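Under my numbering, the first residue of the sequence shown is numbered 213, with each subsequent residue one higher.
Notes follow once the structure below has been shown.
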Amino acid sequence: MQHYLSIAGSLVFVPLILVPAMGGSDEDTATVISTMLLVSGLTTILHTFLGSRLPLIQGSSFVYLAPALVIANSEEFRNLSDNCIQDPIWGLFEKGRSIGAKSLGGFLGQSLLFVYQKFKHIMRELQGAILVGSVFQIILGYTGLMSLFLRLINPVVVAPTIAAVGLAFFSYGFPQAGSCVEISMPLILLVLLCTLVPLSVAIVWAYAFFLTAGGAYNFKGCRSNIPSSNILLDSCRRHLETMRRCRTDVSTAWKTAAWVRVPYPFQWGPPTFHFKTGIIMIIVSLVAPVDSLSSYHAASLLLNYAVNVLLSINVVVALLVALILDNTVPGSRQERGVYIWTDPKSLEVDPATLEPYRLPEKVSCWLRWAKCDKVLLFLTQH
Numbered sequence: 213m214q215h216y217l218s219i220a221g222s223l224v225f226v227p228l229i230l231v232p233a234m235g236g237s238d239e240d241t242a243t244v245i246s247t248m249l250l251v252s253g254l255t256t257i258l259h260t261f262l263g264s265r266l267p268l269i270q271g272s273s274f275v276y277l278a279p280a281l282v283i284a285n286s287e288e289f290r291n292l293s294d295n296c297i298q299d300p301i302w303g304l305f306e307k308g309r310s311i312g313a314k315s316l317g318g319f320l321g322q323s324l325l326f327v328y329q330k331f332k333h334i335m336r337e338l339q340g341a342i343l344v345g346s347v348f349q350i351i352l353g354y355t356g357l358m359s360l361f362l363r364l365i366n367p368v369v370v371a372p373t374i375a376a377v378g379l380a381f382f383s384y385g386f387p388q389a390g391s392c393v394e395i396s397m398p399l400i401l402l403v404l405l406c407t408l409v410p411l412s413v414a415i416v417w418a419y420a421f422f423l424t425a426g427g428a429y430n431f432k433g434c435r436s437n438i439p440s441s442n443i444l445l446d447s448c449r450r451h452l453e454t455m456r457r458c459r460t461d462v463s464t465a466w467k468t469a470a471w472v473r474v475p476y477p478f479q480w481g482p483p484t485f486h487f488k489t490g491i492i493m494i495i496v497s498l499v500a501p502v503d504s505l506s507s508y509h510a511a512s513l514l515l516n517y518a519v520n521v522l523l524s525i526n527v528v529v530a531l532l533v534a535l536i537l538d539n540t541v542p543g544s545r546q547e548r549g550v551y552i553w554t555d556p557k558s559l560e561v562d563p564a565t566l567e568p569y570r571l572p573e574k575v576s577c578w579l580r581w582a583k584c585d586k587v588l589l590f591l592t593q594h
């Protein structure tokens, strides 16, 4: 259960937080999640066969979430309406805006196109910054500088780092949970009390679905898909936030996202590189190894424990010795007695040859009706 929640948190919850902050839609969120799932699977396969070969799943890190939110909410990207014409990436913005305004209808089409272009612009910026940070991590690993950095990393450093990364998002998570207390409180209690039972999350999902289907969030004359600026009734404005946070049918990802889709490199356009965002991700790249080193050490200890247990079992040691001796020590088939075992006539003449392979007499008398002892005897001959 802990592994499932960790992977769900890094691969699903991070896009759910980051994409809306970048101005993306539900379709963009689904696209980012599918891309992260594919990249995580490919990276895990490469790491398993070509990397350290530890049983670890490679996913996104929460360490990058806070810097990404800082970049997305920076003044440079918050005021894109003033700078979009001068940016070379936005060269086709005026043409696209006119087409969108005509096809979608006036100001609505212009606004939707602007939001989509804003998401793509920030995504390109994050891609470039993450690429710079990744190159920096590659240099650390292949030049051996990481070994010098490891001397400064110990449990006293790792524990506060992980705690700081996790506690930094309490200010975001608890307001979200407080917006729908009737669902968040049972979820928190079930996860804390039944951490090892994956069914607890499914129970809360079913509970939220039945609340929506039962009409717990149906208010007369109110609809959750109407912008708050267009709502005239004060009663609907009071219930609008509850409807959007608690209902399970407000997302349009089910209708707008593609059912079958293959992500490809640079699907949001070529990445852009700027000095400020690159420096931010380089600094974060120094913190991310501290967060992941504990997992590598724990997995390596588990692997060593499994090898030690296998080598301490007499049967395994005897099997390894037999395989080595049988393939290294010289000797003919006659010297090893292989001819006596493979010749059925010799067994008929001298049945005592099979005596060491028979079951004990007190045991075989109870198994005379079964043929499994004969099968075992046949297997020992070959």
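In this text, a Cβ means the ideal position worked out from N, Cα and C, and glycines have one as well.
Note that the structure is predicted; figures quoted are calculated from it, not measured.
Coil, strand or helix - M234 by DSSP: If you number the sequence shown from 1, residue 234 lands on position 22. M234 sits in coil when the DSSP states are folded into three classes, being neither helix nor strand.
Simplified DSSP assignment, three categories, for G253: Here the question's residue 253 lines up with position 41 in the sequence shown. Annotated three-state conformation of G253 is helix, per DSSP.
Report back the beta-carbon spacing between A469 and E239 to the nearest angstrom; my notes put them in contact at under 8 Å. The residue given as residue 469 occupies position 257 in the sequence shown. The residue given as residue 239 occupies position 27 in the sequence shown. By a beta-carbon distance limit of 8 Å, A469 contacts E239. Their separation comes to about 5 Å.
Count the other CB atoms within 10 Å of the CB of Y476; is the residue buried (16 or more) or exposed (fewer)? Within the sequence shown, numbered from 1, the residue matching residue 476 stands at position 264. In this structure Y476 is exposed. Its beta-carbon is surrounded by fewer than 16 other beta-carbon atoms within 10 angstroms.
Is L210 buried or exposed, if buried means 16 or more other CB atoms sit within 10 Å of its CB? There is no way to answer for residue 210, as the model of the chain reaches only from 213 to 594.
Considering R290, what are the terminal residues of the alpha helix (DSSP H) in which it resides? Within the sequence shown, numbered from 1, the residue matching residue 290 stands at position 78. Per DSSP, R290 belongs to the alpha helix (DSSP H) from E287 to R290.
Which value, in whole angstroms, describes the spacing of the CA atoms of Y419 and I351? Position 207 of the sequence shown, counted from the start, is the residue given in the question as residue 419. Position 139 of the sequence shown, counted from the start, is the residue given in the question as residue 351. Distance between Y419 and I351, taken at the CA atoms: about 49 Å.
Looking at C-beta atoms only, is the number of pairs between the region 366-373 and the region 518-535 that lie closer than 8 Å three or more? Contact check between the region 366-373 and the region 518-535: fewer than three CB pairs, one atom from each, fall below 8 Å, which does not count as touching.
DSSP three-state call for Y354: helix, strand or coil? Translated into positions along the sequence shown, residue 354 becomes position 142. DSSP places Y354 in helix when its eight states are reduced to three.
Go through the region 348-418 residue by residue and report every complete run of the beta strand (DSSP E) that reaches 3 residues or more, in order. Listed in chain order, there is nothing to give.
I want to know whether the region 411-425 touches the region 389-401 - three or more CB-CB distances under 8 Å. Yes, the region 411-425 touches the region 389-401.
Would Y276 be called buried (16 or more neighbouring beta carbons within 10 Å of its own) or exposed? Locating residue 276 in the sequence shown gives position 64, where the first residue counts as 1. Answer is buried; the Cβ neighbour count reaches 16.
Residue range of the alpha helix (DSSP H) that includes A284: Translated into positions along the sequence shown, residue 284 becomes position 72. Where A284 is concerned, the enclosing alpha helix (DSSP H) starts and stops at L277 to A284.
For the 8 Å Cβ check, are there 3 or more pairs between the region 480-494 and the region 254-266? The region 480-494 makes no contact with the region 254-266: fewer than 3 CB pairs, one atom from each, lie closer than 8 Å.
Counting only the same chain and skipping the five closest in sequence on each side, list residues whose C-beta sits under 7 Å from that of F224. Walking along the sequence shown from the start, residue 224 turns up at place 12. Here residue 224 is Val; the residue named in the question, Phe, does not match the sequence. I245.
So, are the CB atoms of V226 and F274 less than 9 Å apart? Working through the sequence shown from its first residue, we reach residue 226 at position 14. Working through the sequence shown from its first residue, we reach residue 274 at position 62. For the 9 Å CB-CB criterion, V226 and F274 form a contact.
Close Cβ partners of D461 (< 7 Å) along its chain, the five nearest in sequence each way excluded: Translated into positions along the sequence shown, residue 461 becomes position 249. Correct list, in chain order: T424.
Is it buried or exposed for E573, if we count other Cβ within 10 angstroms and need 16 for buried? One-based indexing of the sequence shown puts residue 573 at position 361. With fewer than 16 Cβ atoms within 10 Å of its Cβ, E573 is classed as exposed.
Give a yes or no on whether the C-beta atoms belonging to I334 and G235 are separated by under 9 Å. What you label residue 334 is simply residue 122 of the sequence shown in a count that begins at 1. What you label residue 235 is simply residue 23 of the sequence shown in a count that begins at 1. Between I334 and G235, the C-beta gap is smaller than 9 Å, which places the two residues in contact.
Can you tell me which of V499, S222, I536 and L523 puts its alpha carbon nearest to the alpha carbon of F361? In the sequence shown, residue 361 corresponds to position 149, counting from 1. With distances taken between Cα atoms, F361 lies closest to V499.
Please list the terminal residues of the continuous alpha helix (DSSP H) segment that includes K467. Taking the sequence shown and counting its residues from 1, the one referred to as residue 467 is at position 255. Its alpha helix (DSSP H) spans residues A465 to T468.
Run the CB neighbour count on F331, radius 10 Å, all protein chains shown included, and call it buried at 16 or more, exposed below. Within the sequence shown, numbered from 1, the residue matching residue 331 stands at position 119. The residue in question, F331, is buried, as its Cβ has 16 or more Cβ neighbours within 10 Å.
Alpha carbon to alpha carbon, how far is L228 from E453? Give it in angstroms, no decimals. Position 241 of the sequence shown, counted from the start, is the residue given in the question as residue 453. Position 16 of the sequence shown, counted from the start, is the residue given in the question as residue 228. Each residue's Cα considered, the two are about 17 Å apart.
In chain order, what residues of the same chain have a beta carbon less than 6 Å from the beta carbon of K279, not counting five sequence neighbours either side? Against the sequence shown, residue 279 aligns to sequence position 67. The question names Lys, but residue 279 in the sequence shown is Pro. Excluding residues up to 5 positions away in sequence, I492 and V496 lie with their Cβ nearer than 6 Å to the Cβ of P279 in the same chain.
Where does C458 fall in DSSP's three states? Residue numbering aside, residue 458 sits at position 246 when the sequence shown is read from its first letter. When secondary structure is reduced to three states using DSSP, C458 falls in the helix class.
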